[in-house]
Amino acid sequence: MGCSNDDNDNVDSNSIANQANNKQPLGSSANDLLSDTNFSSITVEIVSVEGFEPTAAALSGFTQFLEDRLFKPEGITITQRSVVSSGKAPFSIEEIVEIENDTRTLFNEEDDIAVYIYFADGSREDDNGDEQITLGSAYLNTSIVIYEDTLRNLTTNFNAPSLSTIENATLNHEFVHLLGLVNIGTPLQSDHEDEEESNHCNVVGCLMQSAIQFGNGVMGINNVPELDPLCIADLQANGGK
Ligand SMILES: [Zn+2]
Ligand SMILES: [Zn+2]
6 MGCSNDDNDN
16 VDSNSIANQA
26 NNKQPLGSSA
36 NDLLSDTNFS
46 SITVEIVSVE
56 GFEPTAAALS
66 GFTQFLEDRL
76 FKPEGITITQ
86 RSVVSSGKAP
96 FSIEEIVEIE
106 NDTRTLFNEE
116 DDIAVYIYFA
126 DGSREDDNGD
136 EQITLGSAYL
146 NTSIVIYEDT
156 LRNLTTNFNA
166 PSLSTIENAT
176 LNHEFVHLLG
186 LVNIGTPLQS
196 DHEDEEESNH
206 CNVVGCLMQS
216 AIQFGNGVMG
226 INNVPELDPL
236 CIADLQANGG
246 K
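Last residue of the sequence shown: 246 in the numbering used here, with the numbers rising by one and none dropped.
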């Protein structure tokens, strides 16, 4: 997977190395995100298409979730920026990677680890009707996409939670995939991986149940689901709080 988004010959080798560190497989930076062993702070770069920015309430809940789980004594910083539409909706993950290459500006620097979250103005291209509507995807070690247009469409259902609740649940769920759950970079401390839905939790009501990343799974929830004790034990054993 290439990381060149332009033909700039003047990019110094250090910054190319830094970018490579942020383009690794999902789950491979779990310990770096959870613990302060290699990184004592984290910066989350949120890039939204104009008009598809997340609600303040969702970002507040998401920030609190990170404070609760990550051991980052030098702090957690969220940055926000809006960009014009790519015009590529609906999106394949390959297209999302191209958009990231064009819009991501923050990479790991010294003691600070960087995460990129894109709020997209469209859906995932392999969504099929009401069966499986994907809300978000964690696709690299520090990269997430939230299909914000899909989230907003869901809120028109009569039993839908508020937009901020769906956003917050999706942000938390996808970020926990970056943290290596379930069994994708953070070792299992107990047998709680779903046998049918790999990399998800089989505890009813847990944030990491596979249903939470799909539209039908968030219908009827009133609050953002929390991690169950088995998921938290995995995170703590890999350096988290
Ligand atoms: Zn998931
Ligand atoms: Zn769980």
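Idealized CB from N, CA, C, for every residue including glycine.
Computed from a predicted structure; not experimentally measured.
Residue i: CB within 8 angstroms of a non-hydrogen atom of ligand 2
| i | result |
| --- | --- |
| Gln214 | yes |
| Leu235 | yes |
| His178 | no |
| His197 | yes |
| Val150 | no |
| Leu232 | yes |
| Val120 | no |
| Val229 | no |
| Val89 | no |
| Val187 | yes |
| Val54 | no |
| Val208 | yes |
Unbroken alpha helix (DSSP H) run spanning residue i, endpoints
| i | result |
| --- | --- |
| Gln69 | Ala61 to Arg74 |
| Glu4 | Any question about residue 4 goes unanswered here, given that the chain covers just 6 to 246. |
| Ser169 | Leu168 to Leu183 |
| Asn217 | Strictly speaking, residue 217 in this sequence is Ile, with Asn absent from that position. Ile217 -> no alpha helix (DSSP H), and no H or E assigned at all. |
| Ile118 | Per DSSP, Ile118 belongs to no alpha helix (DSSP H); it is in the beta strand (DSSP E), Asp117 to Phe124. |
| Ala165 | That residue, Ala165, is in no alpha helix (DSSP H); it is neither H nor E in DSSP. |
| Asn36 | Ala35 to Leu39 |
DSSP three-state assignment for residue i, whether helix, strand or coil
| i | result |
| --- | --- |
| Ser45 | coil |
| Asn15 | Any answer about Asn15 is weak, because its pLDDT of 45 lies below 50 and its placement is not dependable; what the coordinates show is given next. The answer is coil: DSSP assigns Asn15 none of H, G, I, E or B. |
| Asn133 | strand |
| Val52 | strand |
| Ile4 | As displayed, the chain neither begins before 6 nor continues past 246, which places residue 4 out of reach and without an answer. |
| Cys236 | helix |
| Cys8 | Only weak support exists for where Cys8 lies, its pLDDT of 43 falling under 50; the coordinates are left without a value. |
| Val150 | strand |
Contact test: residue i Cβ vs ligand 1 heavy atom, cutoff 8 angstroms
| i | result |
| --- | --- |
| Glu153 | no |
| Glu130 | no |
| Ala217 | A small correction: the amino acid at residue 217 is Ile; Ala does not occupy that position in the sequence shown. Checking every heavy atom of ligand 1 against the Cβ of Ile217, one is found closer than 8 angstroms. |
| Ala61 | no |
| Ala94 | no |
| Ala143 | yes |
| Asn162 | no |
| Asn204 | yes |
Check: residue i C-beta below 8 angstroms from any heavy atom of ligand 3
| i | result |
| --- | --- |
| Leu184 | Among the ligands present in this structure, namely ligand 1 and ligand 2, ligand 3 is not found. |
Endpoints, the beta strand (DSSP E) within which residue i is located
| i | result |
| --- | --- |
| Leu145 | Gly141 to Leu145 |
Which runs of the alpha helix (DSSP H) fall wholly inside the segment 78-110 and span at least 4 residues, in chain order? DSSP runs (the alpha helix (DSSP H)) wholly in the segment 78-110: 98-108.
Across the segment 173-193 and the segment 149-156, are there enough close Cβ pairs to call them in contact, namely three or more that are closer than 8 angstroms? Segment contact: the segment 173-193 against the segment 149-156, three or more CB-CB distances shorter than 8 angstroms; contact assigned.
Contact between the segment 178-186 and the segment 20-40: three or more CB pairs below 8 angstroms? Put simply, the segment 178-186 touches the segment 20-40. At least three CB pairs are less than 8 angstroms apart.
Check whether the segment 212-221 touches the segment 139-150, counting contact only when three or more Cβ pairs, one atom from each stretch, lie closer than 8 angstroms. The answer is yes - the segment 139-150 touches the segment 212-221, with three or more Cβ pairs under 8 angstroms.
For the 8 angstroms Cβ check, are there 3 or more pairs between the segment 116-127 and the segment 93-106? Three or more beta-carbon pairs drawn from the segment 116-127 and the segment 93-106 are found closer than 8 angstroms, and the two stretches are therefore classed as touching.
If you pair each beta-carbon of the segment 234-244 with each one of the segment 190-208, do three or more pairs fall below 8 angstroms? A contact exists between the segment 234-244 and the segment 190-208.
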